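Here numbering that gives the first Met the number 0 is used: the first residue of the sequence shown is 0, the next is one more, and so on. Ideal Cβ placement from N, Cα and C applies to all residues, glycine included. None of the values given here were measured: they were computed from a predicted structure.
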Amino acid sequence: MQEKIKKAYNLMESCSLCPRRCGVNRLKGETGVCKAGLLPMVSSFHAHFGEEPPISGHKGSGTIFFTHCSLRCVFCQNYPISQMGEGREVSISELAEIMIKLQDHGCHNINFVTPTHYMPQILKAVCAAKERGLNVPLVYNCGGYESLEALKILDGVIDMYMPDMKYSDNAAARKYSSASDYFEASKKAVKEMHAQAGDLKVVRGIAEKGLLIRHLVLPGNLAGSEAIFDFIISELSLDTYVNIMAQYYPCHLAHKYPELKRCITHREYMDVLRLAKERGLSGGFRQVLATIDRDRIPEWTDNLKE
Numbered sequence: 000m001q002e003k004i005k006k007a008y009n010l011m012e013s014c015s016l017c018p019r020r021c022g023v024n025r026l027k028g029e030t031g032v033c034k035a036g037l038l039p040m041v042s043s044f045h046a047h048f049g050e051e052p053p054i055s056g057h058k059g060s061g062t063i064f065f066t067h068c069s070l071r072c073v074f075c076q077n078y079p080i081s082q083m084g085e086g087r088e089v090s091i092s093e094l095a096e097i098m099i100k101l102q103d104h105g106c107h108n109i110n111f112v113t114p115t116h117y118m119p120q121i122l123k124a125v126c127a128a129k130e131r132g133l134n135v136p137l138v139y140n141c142g143g144y145e146s147l148e149a150l151k152i153l154d155g156v157i158d159m160y161m162p163d164m165k166y167s168d169n170a171a172a173r174k175y176s177s178a179s180d181y182f183e184a185s186k187k188a189v190k191e192m193h194a195q196a197g198d199l200k201v202v203r204g205i206a207e208k209g210l211l212i213r214h215l216v217l218p219g220n221l222a223g224s225e226a227i228f229d230f231i232i233s234e235l236s237l238d239t240y241v242n243i244m245a246q247y248y249p250c251h252l253a254h255k256y257p258e259l260k261r262c263i264t265h266r267e268y269m270d271v272l273r274l275a276k277e278r279g280l281s282g283g284f285r286q287v288l289a290t291i292d293r294d295r296i297p298e299w300t301d302n303l304k305e
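This is the structure:
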């Protein structure tokens with residue numbers, strides 16, 4: 000584990016923790032696109048019951064929400080945290096203590112939300128927490144814009160990966176998330192995650208290990224859902240769990256883009272579900288249609304078969 004931590008911190012010296020490869024020296028407090036420095040920043044932590052059913056279970060997922068993000072999504076629903084820096088710096092020992100508190104609370108897992116830019120610090124804190132008895136599964140809940148070099152360091156440490164696959168259209172990724180190589184980077188990253196963790200393993204209703212992909216349906220099919228599903232069935236597995244999300248809402252800077260100024264329609268969402276089923280994807284989750292109308296917080300059905 001110490002060797003992994005050393006390799007991870009080396010990536011911060013000329014930062015290459017994400018595909019942007021900003022090259023700033025994070026060890027000296029320099030910041031790049033994500034704005035993250037040397038110490039991790041946390042906006043909140045708690046037992047979260049709004050994740051997918053096998054992640055939240057009946058005791059909650061021990062989520063730790065990290066401040067800042069390597070993506071610049073103009074429609075981000077968490078933009079005060081991801082792009083405006085809401086949160087506070089914590090030490091490695093404090094971060095380890097948070098993990099222990101969540102485990103002691105009874106959470107089924109520790110869920111690192113937007114962890115990419117703090118991977119070395121998380122790794123070091125996990126090591127400290129394990130020395131204190133941390134033994135629940137670890138979830139890497141990320142945007143899918145990941146460095147292969149960084150992911151390989153996590154092999155054997157992370158139990159479950161929950162990446163977004165936001166776009167198959169790089170023009171859209173460039174316009175809305177400032178990531179012109181998003182699809183290529185996310186495909187490589189997700190293949191590595193699947194190689195490490197395999198398909199999602201659920202025991203008595205609770206996920207223990209594996210990959211769960213999230214895909215947010217955007218207005219006008221701007222995400223290019225079909226190509227994402229084609230990648231999953233051809234490069235991963237028909238048994239891959241996919242959460243097809245209906246909760247898009249025009250937040251943050253979305254009002255500046257006419258094509259993003261509205262919620263998705265019921266028809267748009269059902270069309271994407273149909274595409275997934277036609278491709279043979281049946282493992283995973285879909286959201287109730289009331290989510291589209293903002294009448295309910297995100298709520299999941301059991302699987303894509305319904």
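In this structure, how does DSSP classify residue i when only helix, strand and coil are distinguished?
{"i": "Ala95", "result": "helix"}
{"i": "Cys126", "result": "helix"}
{"i": "Ala178", "result": "coil"}
{"i": "Arg87", "result": "strand"}
{"i": "Lys58", "result": "coil"}
{"i": "Ala222", "result": "coil"}
{"i": "Arg285", "result": "strand"}
{"i": "Lys304", "result": "Because the pLDDT of Lys304 is 45, which lies under 50, any placement of that residue in the model is unreliable, and the question is left without a value."}
{"i": "Met118", "result": "helix"}
{"i": "Ile109", "result": "strand"}
{"i": "Asp163", "result": "strand"}
{"i": "Val32", "result": "coil"}
{"i": "Phe65", "result": "strand"}
{"i": "Met269", "result": "helix"}
{"i": "Arg71", "result": "coil"}
{"i": "Lys190", "result": "helix"}
Less than 6 Å between C-beta atoms, sequence neighbours within five positions excluded: which residues of the same chain meet that for residue i?
{"i": "Gly36", "result": "Gly28 and Thr30"}
{"i": "Ser42", "result": "Phe64, Thr66, Ile80, Glu85 and Gly86"}
{"i": "Gly59", "result": "Ala46, His47, Phe48 and Cys106"}
{"i": "Gly142", "result": "Leu70 and Asp163"}
{"i": "Leu221", "result": "Ala171"}
{"i": "Leu237", "result": "Gly279"}
{"i": "Glu50", "result": "Ser60"}
{"i": "Lys5", "result": "none"}
Closest to residue i by CA distance: which of the options is it?
{"i": "Lys208", "options": "His214, Lys200 and Leu215", "result": "Lys200"}
{"i": "Glu191", "options": "Ala206, Val202 and Ile212", "result": "Ile212"}
{"i": "Ser90", "options": "Glu12, Pro39, Lys129 and Ile4", "result": "Pro39"}
{"i": "His379", "options": "Ser146, Leu259, Val135 and Thr239", "result": "Because the chain here runs from 0 to 305, residue 379 falls outside it and cannot be looked at."}
{"i": "Tyr256", "options": "Pro119, Asn24 and Leu217", "result": "Leu217"}
{"i": "Ala7", "options": "Ala128, Cys72 and Ala124", "result": "Ala124"}
{"i": "Asp154", "options": "Leu137, Ser179, Lys165 and Arg203", "result": "Leu137"}
{"i": "Cys17", "options": "Gly132, Ala184, Arg131 and Leu210", "result": "Ala184"}
{"i": "Leu259", "options": "Ala149, Arg266 and His251", "result": "His251"}
{"i": "Ser176", "options": "Ser92, Ala149, Ile157 and Ala253", "result": "Ala253"}
{"i": "Gly197", "options": "Gly223, Ile157 and Ala226", "result": "Ile157"}
{"i": "Met159", "options": "Cys21, Lys186 and Gln195", "result": "Gln195"}
{"i": "Cys72", "options": "Tyr166, Asp270, Gly283 and Arg273", "result": "Tyr166"}
Count the other CB atoms within 10 Å of the CB of residue i; is the residue buried (16 or more) or exposed (fewer)?
{"i": "Arg87", "result": "exposed"}
{"i": "Met0", "result": "exposed"}
{"i": "Leu10", "result": "buried"}
{"i": "Cys14", "result": "buried"}
{"i": "Val112", "result": "buried"}
{"i": "Asn134", "result": "exposed"}
{"i": "Leu147", "result": "exposed"}
{"i": "Val202", "result": "exposed"}
{"i": "Gly223", "result": "buried"}
{"i": "Glu277", "result": "exposed"}
{"i": "Gly204", "result": "exposed"}
Please go through the same chain and pick out, in chain order, the residues whose beta-carbon is closer than 7 Å to the beta-carbon of residue i, but skip the five residues on each side of it.
{"i": "Ala275", "result": "Phe228, Val241, Ile243 and Leu303"}
{"i": "Ala178", "result": "Leu70, Tyr144 and Ala172"}
{"i": "Ile296", "result": "Confidence at Ile296 is low in this model, with a pLDDT of 47, below 50, so its placement is unreliable and the value that follows should be read with caution. Closer than 7 Å at the Cβ level, and outside the excluded window around Ile296, lie Gly49."}
Within its chain, find whatever has a CB closer than 8 Å to the CB of residue i; leave out the 5 residues flanking it on each side and keep chain order.
{"i": "Glu305", "result": "In this predicted model, Glu305 has a pLDDT of only 44, less than 50, meaning its place in the structure is not dependable; the value taken from the coordinates is given anyway. So the qualifying residues of the chain are Arg285."}
For this session: Tell me, please, whether the region 45 to 52 touches the region 101 to 113 by the rule of three or more beta-carbon pairs shorter than 8 Å.
Result: yes
Exercise. Is there contact here, the region 170 to 181 with the region 231 to 241, by at least three beta-carbon pairs under 8 Å?
Worked result: no
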